[in-house]
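Our numbering numbers the first residue of the sequence shown as 70 and each following residue consecutively.
Heads up: the structure comes next, in structure tokens.
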Amino acid sequence: MAAGAGVFIALNPLSAVIVGTLFLNEQLSTVTFIGGILIFWEYLLRIKNNIKIGQIRGLF
70 MAAGAGVFIA LNPLSAVIVG TLFLNEQLST VTFIGGILIF WEYLLRIKNN IKIGQIRGLF
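Written out as structure tokens, the structure is:
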């Protein structure tokens, strides 16, 4: 259940940008687009490698 919540938290900003762009006519900048691609790519890497949220320690 915690892993599912972690995925939801990770994808929430991305889904907010998509909904805002499609339905609220917000502008999508290049930096925001690249950030969205990075978020989605990280999600796909976690699925491919079966890595759970919090399993990898950060750089700090």
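Ideal placement from N, C-alpha and C gives every residue a C-beta, glycine not left out.
Since the structure is predicted, the reported quantities are computational estimates derived from the model, not experimental observations.
{"Item": "Whether Ile108 touches Leu83 by CB criterion (8 angstroms)", "Value": "yes"}
{"Item": "Collapsed DSSP secondary structure at Leu113 in the structure displayed", "Value": "helix"}
{"Item": "Asn118 (DSSP reduced to helix, strand or coil)", "Value": "helix"}
{"Item": "Spatially closest choice to Asn94 from Val86, Thr101, Val100, by CA coordinates", "Value": "Val86"}
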